Structures are given as structure tokens and as C-alpha cells.
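Written out below as C-alpha cells is the structure these notes cover.
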Amino acid sequence: MKLFFRGPLLVFAISLCLATVGVADVEETIQRYRASFEKRMNAELDEYGNAARKARLNYVDSLKKVKGELARAEKLKAAAQVLDEIELVEGGEDPGSLSPDVDYRFKRVREIWERELSEIQSARGEKLKTTLGIYFRALDAEKRRLTRIGKIKDALVVEEEELRVRGLPEVKAMEASEASEAEPKEPSENLALAARGARASGARRSELLIDGKIEYNKKEGFAFENFPCNFTVDLRSKVSIGQVRILLYDLDRRKYGFRLLVSDDGESWELVNNSEKVDAGWQEINLEDTKARYVRINGLSNTANLGFHVVEVEVYEP
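As C-alpha cells, this is what we get:
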């Protein structure tokens, strides 16, 4: 029968074993529990590695499908860019940032992969934090016990183990990350506001797209037009764009279909997102290495009626 200790029970188990040995055995006992701790750490690393490998394989499969689509469409340059990415990822190399001119399908599968890796890393970080917390609490309990009974040298041995673990590169990186996240960050300012000089066009009541207000009802508070239609926001200068947020009318269960495009000059447009039958409400589209002056929503469908309704458009720098 296997016994599994979690949280306070595991802390108690470690502390009990440390407390029942003699002074001379403290280092030996720490070695045993260090081995147990490292075994658990390695198991978690293996789990993380397996998940990351699976995500990488899925990414390569998606890239191959995109390459096939581009080849059939005779977009040879775009297909070659995808092929380069496949070779880098399969070779275990960091593919780096995407070129601004890659096909939107390539961007989309890269974003999915990066999001998966971020989620895997986050889950790994939480497990590491839990494991470290258990180990540190056990060491601290034993250090306090030894100090209370006057065995200072042995308490220092326990403290040295704690310092050793805190000095591990992965632990230092985690603690630095937590400290960075704890620091207050200045929120990025919405660039798509009439108050900042932005202009909107292409739809009835288009001024409502950039008024900074998100309150609306069934009759007012949104821009609208029969689809297919365009809602265009002019930011008045070329800027770096990290995210576009779009609030679609969502007072019922309708779904919308739309495309998001950007442009430097208002004439030549680059497709950066294609969304089919998405739920209404806020749409958050993250962009990478995108610089543009104009942002356009190309409204394509609505499951409720023939209109396309946008409450607000927000644009943020990376």
C-alpha cells in the first residue's frame, strides 16, 4: 500500500523524522529528504517536459497544414516562411519573433502554441511553488525545534539546506518572477479614443466606436451597419499594436463573424485575425510585431439578423 502525504501532513512527516534522530544524524536525514524533494522536482520537470513536447508536435502538425494550404494557393514565399519555422522547431531551436509579413494563418498557429507553452509554464510554476513551500516549512519547523533545545549547530545545518535550495537557478528565477509580478505596472493607454485624436468611419454612429463608453441597450450605444461592412479606426499615426479589444453587442445569444485588418496607409490592408461565429461580447486579439495607423473590422455575419453591431474598439501598445 502506498501512502501519499500532502500539505501539512507531509510537513509533519518530514519534521517528525528529523526530530526522532540524534544530532549526528541531522545531515544524513537532510540528505534523505533532499533526495525525496529532488525526486519530486524531477518528476514535475518530466511532466512539464512531456507537455511542452506534445505542444511542440501539435504546433509542427499545424504548421504543415498551413504550409499545404499556402502551397495550394501558390503563396510560395509564405509557404517557405512556414517551412523555415518547421525546420527550426523540429531542430529544437528558438524560432524567434515572426516577420511582420507572414501569413495570418501562420501567426494564428504560433499564437496558439505560445499560449499553450505559457499555460504549461504557469502550471509548472504553481507546482514548483507548492513543492518548495512544503519543503521549506518542514526545514523551518526543524530549525526552530533545534534552536529551542539549544542545538544551534544542527539548526545551522538545516538553515544551510534552505539556503542551498533557494540558490537553485530555477528557484531564484521563480522568486524573481514573483517579485516582478508584485510590482505595480502602469496600464497601457487605449489609443483608439476620440479624446486622443482618433477618428472612426464606415458605419452609422461610427463615433460611438471610440467614445470610451461601453454602456448600451437594445436601441443605442453602438455603431452598426448591414454586413458585409467595414468599421475603420484611424489612430492618426503609425503605432505599435499589441492588442485590439472589440466589444460586440451581446444582449442575446447571437454569434458574429468578422475579420480584423490593419494598414499603414488606409489603402493596403493586412489580415491579422479571422473569427467565425464567435460569441458576442469582448473580443481580445493579441498581435505581435504589428505596426499600423489604421485598424479595420470587416463585419461578415450575425446569427440574429443582417446587422453588425460594435459598441467599442480599443487599441493598446505591447
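Counting from 43, one number per residue, gives the positions in the sequence shown under the working numbering.
Ideal placement from N, C-alpha and C gives every residue a C-beta, glycine not left out.
These numbers were taken from a predicted model, which means no experiment stands behind them.
{"Item": "Residue 110 - containing beta strand (DSSP E), residue span", "Value": "Not the beta strand (DSSP E): residue 110 falls in the alpha helix (DSSP H), residues 68-114."}
{"Item": "Alpha helix (DSSP H) runs wholly inside the region 118-194, at least 4 long, in chain order", "Value": "118-132 and 146-190"}
{"Item": "Own chain, CB closer than 6 Å to residue 126, minus 5 neighbours either side, in chain order", "Value": "none"}
{"Item": "Three-pair Cβ contact test at 8 Å for the region 300-311 versus the region 248-267", "Value": "no"}
{"Item": "Residue burial classification, residue 123 (beta-carbon count within 10 angstroms, cutoff 16)", "Value": "buried"}
{"Item": "Three-way DSSP call (helix, strand, coil) for residue 319 in this model", "Value": "strand"}
{"Item": "Start-to-end residues for the beta strand (DSSP E) that takes in residue 282", "Value": "271-290"}
{"Item": "Sheet register partners of residue 388 (DSSP bridge)", "Value": "With the chain represented from 43 up to 360, any question about residue 388 goes unanswered, as that position is not in the structure."}
{"Item": "C-beta contact flag for residue 216 and residue 167 at 8 Å", "Value": "yes"}
{"Item": "Residue from 276, 97, 145 and 211 whose Cα sits closest to the Cα of residue 119", "Value": "145"}
{"Item": "Cβ shell of residue 232 (< 6 Å), same chain only, five flanking positions each side left out", "Value": "356"}
{"Item": "Selected residue, minimal CA-CA separation from residue 94, among 343, 274 and 132", "Value": "132"}
{"Item": "Minimum C-alpha distance to residue 86 - residue among 253, 280, 191 and 162", "Value": "162"}
{"Item": "Simplified DSSP assignment, three categories, for residue 252", "Value": "helix"}
{"Item": "DSSP state of residue 306 mapped onto helix, strand, coil", "Value": "coil"}
{"Item": "Cβ neighbours of residue 83 in the same chain (closer than 7 Å, five flanking residues each side left out)", "Value": "173"}
{"Item": "CA nearest to the CA of residue 297, picked from 282, 319 and 276", "Value": "319"}
{"Item": "Spatial distance of residue 74 from residue 202 (CA atoms)", "Value": "15 Å"}
{"Item": "Nearest residue (CA-CA) to residue 295, options 179, 238, 148 and 344", "Value": "344"}
{"Item": "Top-ranked residue by Cα proximity to residue 268, from 147, 346 and 108", "Value": "346"}
{"Item": "Alpha-carbon spacing of residue 128 relative to residue 332, whole angstroms", "Value": "22 Å"}
{"Item": "Check whether residue 327 and residue 281 have beta carbons under 8 Å apart", "Value": "no"}
{"Item": "Limits of the beta strand (DSSP E) - the one that residue 350 falls within", "Value": "349-358"}
{"Item": "Separation of residue 130 from residue 178, as counted between CA atoms", "Value": "40 Å"}
{"Item": "Member of 247, 252 and 243 whose CA lies at the smallest distance from the CA of residue 237", "Value": "252"}
{"Item": "Candidates 300, 309 and 337, of which the one nearest residue 322 by Cα", "Value": "300"}
{"Item": "Environment of residue 354 [buried if 16+ CB atoms lie within 10 Å]", "Value": "buried"}
{"Item": "Three-state secondary structure (DSSP) of residue 205", "Value": "helix"}
{"Item": "Counted within 10 angstroms of its Cβ, other Cβ atoms place residue 210 as buried (16 or more) or exposed", "Value": "exposed"}
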